[in-house]
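Engineer: Next up is a structure, given as structure tokens.
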Amino acid sequence: MNERDELYLLLKGSTSAFEHLYNLYSGKLFNFCLKLTNGNKYISEELTQRTFVKVWEKRSSIDPERSFVSFICTIAKNMLLNDFEHETVKFIYAEYVKSAAHIQHENATELEVERNLLENLIDKITEELPPKRKEIFILSRKRGYSNKHIAEYLHISESTIETQLTKSLAFMKEKLKYYGSYFVFLCYFWVM
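Numbering (the working numbering), first residue to last: 3 to 194.
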């Protein structure tokens with residue numbers, strides 16, 4: 003029986019025609035795959051198997067009037083290209099994730115250092131405030147208490163708290179201008 007007759011039988015779902023075509027062409031396809039993969043036997047064997055699985059799945063689209071060898075070689079080549087494309091995308095994505103993680107870590111470390119420096123500077127300036135104003139500032143900005151809560155805690159009016167905080171912030175603003183960090187100061191205290 004010739005190749006064309008085998009292909010017509012395969013179109014009808016003949017497993018014996020499929021086995022015969024496999025036995026006849028799997029070695030040729032394997033050698034073709036070896037050339038495509040630069041001699042990688044493992045990939046070539048897997049590609050040969052996957053190609054014949056695809057032939058079985060797509061048997062209804064086989065044209066018995068065309069070369070079966072060209073058909074299976076095209077399937078194998080396209081599968082390999084798809085695999086390479088998929089692996090390339092995975093590799094690029096993995097490199098991107100590694101790079102982004104590294105940059106994010108570097109930025110996080112840099113931001114943490116800057117934040118620590120700013121906190122130390124603000125702590126130093128806070129020490130220069132008068133004692134009661136310093137206490138109000140720490141309760142408000144460091145501990146996050148509301149003006150009402152601070153007023154109740156210190157037994158003074160809320161308007162006094164607001165006035166003292168306004169004076170504290172003005173003092174800090176002037177001190178931080180000297181260091182060129184006024185904008186950072188605002189961000190630090192109003193974003194917290």
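No residue lacks a Cβ here, since even glycine has one placed at the ideal position from N, Cα and C.
(1) Got a sec, what are the start and stop residues for the alpha helix (DSSP H) proline 133 sits in?
(2) Rank Cys35, Phe54 and Val55 by C-alpha distance to the C-alpha of serine 46 and give the top, closest one.
(3) Take phenylalanine 70 as the anchor and find which of Arg135, Thr162, Leu9 and Asn149 has the nearest alpha-carbon.
(4) From threonine 162 to asparagine 118, what distance separates their C-alpha atoms?
(5) Does the separation of the CB atoms of arginine 61 and leucine 12 fall below 7 Å?
(6) Would you identify the three-state DSSP class for histidine 157, choosing helix, strand or coil?
(7) Are the CB atoms of asparagine 149 and glutamate 160 within a distance shorter than 7 Å?
(8) For the alpha helix (DSSP H) that asparagine 33 lies in, which residues bound it at each end?
(9) Mind checking threonine 50: buried by the 16 CB within 10 Å criterion, or exposed?
(10) According to the neighbour-count rule (16 or more other Cβ atoms, all chains shown, within 10 Å of its Cβ), is arginine 145 buried or exposed?
(11) Under a Cβ-count criterion, where at least 16 other Cβ atoms within 10 Å of its own Cβ denotes burial, should methionine 3 be classed as buried or exposed?
(12) Could you check whether isoleucine 127 and lysine 175 sit closer than 7 Å to each other, using their CB atoms as the reference points?
(13) So is valine 55 buried or exposed if we call it buried at 16+ other beta carbons inside 10 Å?
(14) My understanding is that leucine 31 touches isoleucine 74, with C-beta atoms under 8 Å, so please give their C-beta distance in whole angstroms.
Structural biologist: Quick look at the numbers:
(1) In the sequence shown, counting from the first residue as 1, residue 133 sits at position 131. Start and end: 133–139.
(2) Your numbering for residue 46 matches position 44 in the sequence shown. For serine 46, the closest alpha carbon among the candidates Cys35, Phe54 and Val55 is that of Cys35.
(3) As a working note, residue 70 is residue 68 in the sequence shown. When each option's Cα is compared against that of phenylalanine 70, the closest is Leu9.
(4) For this step, residue 162 is matched to residue 160 along the sequence shown. For this step, residue 118 is matched to residue 116 along the sequence shown. Roughly 30 Å separates the two Cα atoms.
(5) Position 59 of the sequence shown, counted from the start, is the residue given in the question as residue 61. Position 10 of the sequence shown, counted from the start, is the residue given in the question as residue 12. Yes, the pair counts as a contact, with Cβ atoms nearer than the cut-off.
(6) Position 155 of the sequence shown holds residue 157. Coil, per DSSP.
(7) One-based indexing of the sequence shown puts residue 160 at position 158. One-based indexing of the sequence shown puts residue 149 at position 147. Cβ atoms of glutamate 160 and asparagine 149: closer than 7 Å.
(8) Locating residue 33 in the sequence shown gives position 31, counting from the first residue. Element bounds for asparagine 33: 17–38.
(9) In the sequence shown, the residue the question calls residue 50 occupies position 48. Threonine 50 is buried by the Cβ-count criterion.
(10) Counted from its first residue, the sequence shown places residue 145 at position 143. Here arginine 145 is exposed: its Cβ has fewer than 16 other Cβ atoms, across all protein chains shown, within 10 Å.
(11) The residue given as residue 3 occupies position 1 in the sequence shown. Methionine 3 should be labelled exposed.
(12) Residue numbering aside, residue 175 sits at position 173 when the sequence shown is read from its first letter. Residue numbering aside, residue 127 sits at position 125 when the sequence shown is read from its first letter. No, the Cβ-Cβ distance between lysine 175 and isoleucine 127 is not below 7 Å.
(13) Along the sequence shown, one-based indexing puts residue 55 at 53. Classification for valine 55: exposed.
(14) The residue labelled residue 31 in the question sits at position 29 within the sequence shown. The residue labelled residue 74 in the question sits at position 72 within the sequence shown. Right, their Cβ atoms sit about 5 Å apart.
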